[in-house]
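Comments concern the structure below.
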Amino acid sequence: MSDLIIAIRTGDVKKAGTDLDVDVKLTYSDGSQSTWNRLDTPGDDHERNTVTTHRINAGSGKVSGITMRVKHEAAHLNDDVSYDAWFLSWIAISRTDLSGNQLFYRPNKWVEVPQGDANWHNVDLGAPTLSIPADEIAEIAKFVGKVFSWL
Numbered sequence: 001m002s003d004l005i006i007a008i009r010t011g012d013v014k015k016a017g018t019d020l021d022v023d024v025k026l027t028y029s030d031g032s033q034s035t036w037n038r039l040d041t042p043g044d045d046h047e048r049n050t051v052t053t054h055r056i057n058a059g060s061g062k063v064s065g066i067t068m069r070v071k072h073e074a075a076h077l078n079d080d081v082s083y084d085a086w087f088l089s090w091i092a093i094s095r096t097d098l099s100g101n102q103l104f105y106r107p108n109k110w111v112e113v114p115q116g117d118a119n120w121h122n123v124d125l126g127a128p129t130l131s132i133p134a135d136e137i138a139e140i141a142k143f144v145g146k147v148f149s150w151l
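Note that the numbering used here numbers the sequence shown so that position 63 is 63, with each residue one more than the last.
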């Protein structure tokens, strides 16, 4: 059983970074799902024009998808802003054993949560994509290891 590396790129647009809590749940090819995993590292995660990597237990099955949710961190719930937004560019997922179980999502959109809203909000990531521009493959490989076919 290997771990999973999840690399998340925050866009390079004004106010793209966020302090939202971000969780993911893995879906396996047999239809089962993992528990929620908090994507949090020491320091500031998901800042403008950065890639944040997270390592989580992958379980034993083939990962076929992920579900993402976001909410305000308790410390920022009542900050003086009308909403918290995050520009989510892409997500790359790969097993640490480089077995070829990889997924790539390109939401390339704003994720918004209204100020004062303490509820979780699901993020529509769309379907995994097989289309990755050649200039991004090298960048992605820096974070998840060798890039195989994205299936």
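Even for Gly, the Cβ is constructed at its ideal location relative to N, Cα and C.
*Assess, as a yes-or-no matter, whether the region 104-112 is touched by the region 38-57 under the definition of 3 or more beta carbon pairs within less than 8 Å.*
no
*By a C-beta neighbour count over all protein chains shown, 10 Å radius and 16 as the cutoff for buried, is Ala118 buried or exposed?*
exposed
*Same chain, Cβ closer than 6 Å to Ser89, neighbours up to 5 away in sequence not counted*: Arg9, Gly11, Asn108
*Report yes if the C-beta distance between Trp36 and Asp23 is below 7 Å; otherwise report no.*
yes
*Proximity of Lys62 and Ser32 at Cβ, strictly below 7 Å*: no
*asked:* Tell me the DSSP secondary structure of Ser82 in three-state form.
replied: Caution applies to Ser82, whose pLDDT of 44 falls short of 50 and renders its modelled position unreliable; the value that the coordinates give is listed next. Here Ser82 sits in coil by DSSP.
*Mapping DSSP to helix, strand and coil, what is Lys109?*
strand
_Spatial neighbours of Phe87 within its chain, please: C-beta separation below 7 Å, excluding the five flanking residues on both sides._
Thr10, Gly11, Val13, Ala16, Trp110
*Quick one: is Asp84 buried, meaning 16 or more other Cβ sit within 10 Å of its Cβ, or exposed?*
buried
*Measure the C-alpha to C-alpha separation of Asp97 and Leu4 and round it to an integer number of angstroms.*
9 Å
*Just the Cα atoms here: how many angstroms apart are Gly43 and Ile66?*
24 Å
*Grouping DSSP H, G and I as helix and E and B as strand, with all else coil, what is Lys142?*
helix
*asked:* When you compare the CB positions of Arg38 and Trp120, do they come within less than 7 Å of one another, or not?
replied: no
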